[in-house]
Amino acid sequence: MPGKKYKGTNRHGESVDRAGLGRLRRASGKQRARVGQWEAKTEDEQALDSVGEIERPSHSGEALLARFNRLAGVIGAGAADGQPGEIAAVAGAGWIVRDSSGRERPATVRNALLKRIGGVRNPLAVGDRVRWLAADGSGDDAVIVVVEPRRNQVARADSHNRSLEHVVAANLDCLMVTASLREPDLKCGLIDRYLLLAAWNAIPAAVVLTKADLADPGPATALYRGIGLPTFALGVGRDQDQEALRSWLAGKAVVVVGQSGVGKSTLINRLFPGAGIRIGSVAEAGHGRHTTVGGRSWLLGDGTRLVDTPGVRECGIAGLTAVDAALLFPDLAKFHRDCRFADCTHRHEPGCAVRAAVAGGAIAATRYESYRSIVAEDLGMG
-16 MPGKKYKGTN
-6 RHGESVDRAG
4 LGRLRRASGK
14 QRARVGQWEA
24 KTEDEQALDS
34 VGEIERPSHS
44 GEALLARFNR
54 LAGVIGAGAA
64 DGQPGEIAAV
74 AGAGWIVRDS
84 SGRERPATVR
94 NALLKRIGGV
104 RNPLAVGDRV
114 RWLAADGSGD
124 DAVIVVVEPR
134 RNQVARADSH
144 NRSLEHVVAA
154 NLDCLMVTAS
164 LREPDLKCGL
174 IDRYLLLAAW
184 NAIPAAVVLT
194 KADLADPGPA
204 TALYRGIGLP
214 TFALGVGRDQ
224 DQEALRSWLA
234 GKAVVVVGQS
244 GVGKSTLINR
254 LFPGAGIRIG
264 SVAEAGHGRH
274 TTVGGRSWLL
284 GDGTRLVDTP
294 GVRECGIAGL
304 TAVDAALLFP
314 DLAKFHRDCR
324 FADCTHRHEP
334 GCAVRAAVAG
344 GAIAATRYES
354 YRSIVAEDLG
364 MG
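Under this note's numbering, the first residue of the sequence shown is numbered -16, with each subsequent residue one higher.
Structure (structure tokens):
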């Protein structure tokens, strides 16, 4: 029943409450990965107050941005005369800022500020709302002086240093994870990792299966629709799903994630023909050509803000417990409360309702294996 608490014991015989996903949502405001020098402090909270409030202070990025703004104030990079903008791209060691008119320009952060910011992979991400000043009075380049609080963010563990977060994008309405049914073959594990990140940040998600003309999309479509996710299978002759996806995306800020080679470029340009979207690169006139290290956003005529991200081979998870991870898998979460132990990790404990559901076919084996992989490889409980 909604709102009902389920009593149970942990493996040490201690009595605990089970509040299902509600418990996790409450905890999400408190438990995030702490990174280097970017921990929240009283001064950081004051800095946040100076640039406005957000609805749900639940991710470590807020502490990062508060620290950024406080340090900016220390070195005199105030926002009094700054103009509003948005990070449109992360390219090399710099950024591209889009101003309120839609014009884009290269941007930097003052070196004195960057030197005092440590322990983070990328201090600014695509979608961050900023304030900027013209560099040395010129009208071409910008210097970022303030970063507004993030409404939310999608962040994975950095592939080179898992103690760091790599923020993929910020201020999103939804996440669209793309996966190929063939060439390369479907990788449910990567899909499930991105879905977990979306759930962890309360961002609605959809699954898009490409190359549906090369393989039967039925099983994968049924799997993800069965856990309540909008799922679209696209390929030659599947115009209906394409139109349904375009309608679902309209007017939203959406980040597109997925493995390399899944047909993301073809997909996006079919959805938005004539928009001039160049997937996988930043190629602005006069700026040269750069690898899109941290993504690139595009503003479309229907109000959609599309964030492209580089294809990845893996998506690391950090900052969760095994119970958190289980509760973020909706198909596992509904059985978790029936386990004998409230802190059951669903690996070897007796009386595990999740493992019983897998054996009985109520939970797909691929989903359970994704969970086991995250717990073993990312959360260090192998």
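Even glycine gets a Cβ: it sits at the ideal position worked out from N, Cα and C.
These numbers come from a predicted model, not from an experiment.
For residue i, the first and last residue of its enclosing beta strand (DSSP E)
i	result
residue 68	66 to 74
residue 77	77 to 82
residue 139	136 to 140
Proximity winner among the options, relative to residue i (alpha-carbon distances)
i	options	result
residue 119	345, 90 and 360	90
residue 299	153, 174 and 218	174
residue 69	147, 77 and 87	87
residue 312	327, 176 and 78	176
residue 306	181, 348, 327 and 144	327
residue 243	134, 351, 106 and 162	162
residue 152	207, 112, 204 and 347	112
residue 114	79, 147 and 141	79
residue 110	288, 123, 301 and 144	288
residue 209	283, 199, 314 and 145	314
residue 66	77, 124 and 107	124
residue 254	131, 241 and 227	227
residue 301	362, 84 and 229	362
residue 316	338, 297 and 333	338
residue 180	342, 310, 131 and 283	310
residue 92	84, 286 and 77	77
residue 234	360, 284, 200 and 146	284
residue 360	85, 250, 145 and 186	145
residue 241	200, 220, 84 and 178	178
residue 333	323, 340 and 341	323
residue 197	220, 187 and 352	220
residue 107	84, 286, 248 and 75	75
residue 347	248, 199, 131 and 207	207
residue 297	364, 356 and 84	356
residue 218	205, 131, 343 and 251	251
C-beta contact flag for residue i and residue j at 9 angstroms
i	j	result
residue 246	residue 193	yes
residue 222	residue 216	no
residue 329	residue 319	yes
residue 137	residue 150	yes
residue 214	residue 237	no
residue 358	residue 292	no
residue 345	residue 321	no
residue 172	residue 349	yes
residue 142	residue 290	no
residue 354	residue 308	yes
residue 117	residue 126	yes
residue 232	residue 157	yes
residue 164	residue 195	yes
residue 104	residue 166	no
residue 203	residue 169	yes
residue 185	residue 135	yes
residue 282	residue 81	yes
Strand pairing of residue i, partner residues [DSSP]
i	result
residue 289	237 and 281
residue 203	DSSP lists no partner for residue 203.
residue 219	Per DSSP, none; premise fails for residue 219.
residue 92	127
residue 109	Paired residue(s): none; residue 109 is not in a bridge.
residue 231	Paired residues: none, contrary to the question.
residue 114	67 and 129
residue 87	81
residue 214	190
Boundaries of the alpha helix (DSSP H) in which residue i is found, first to last residue
i	result
residue 352	348 to 356
residue 303	Element bounds for residue 303: n/a, residue is neither H nor E.
residue 337	336 to 342
residue 316	313 to 319
residue 254	247 to 254
| task | Note down, one range per segment and in chain order, each beta strand (DSSP E) of at least 3 residues found wholly within the segment 144 to 198. | result | List check, beta strand (DSSP E) in window: 148 to 153, 157 to 163 and 188 to 193.
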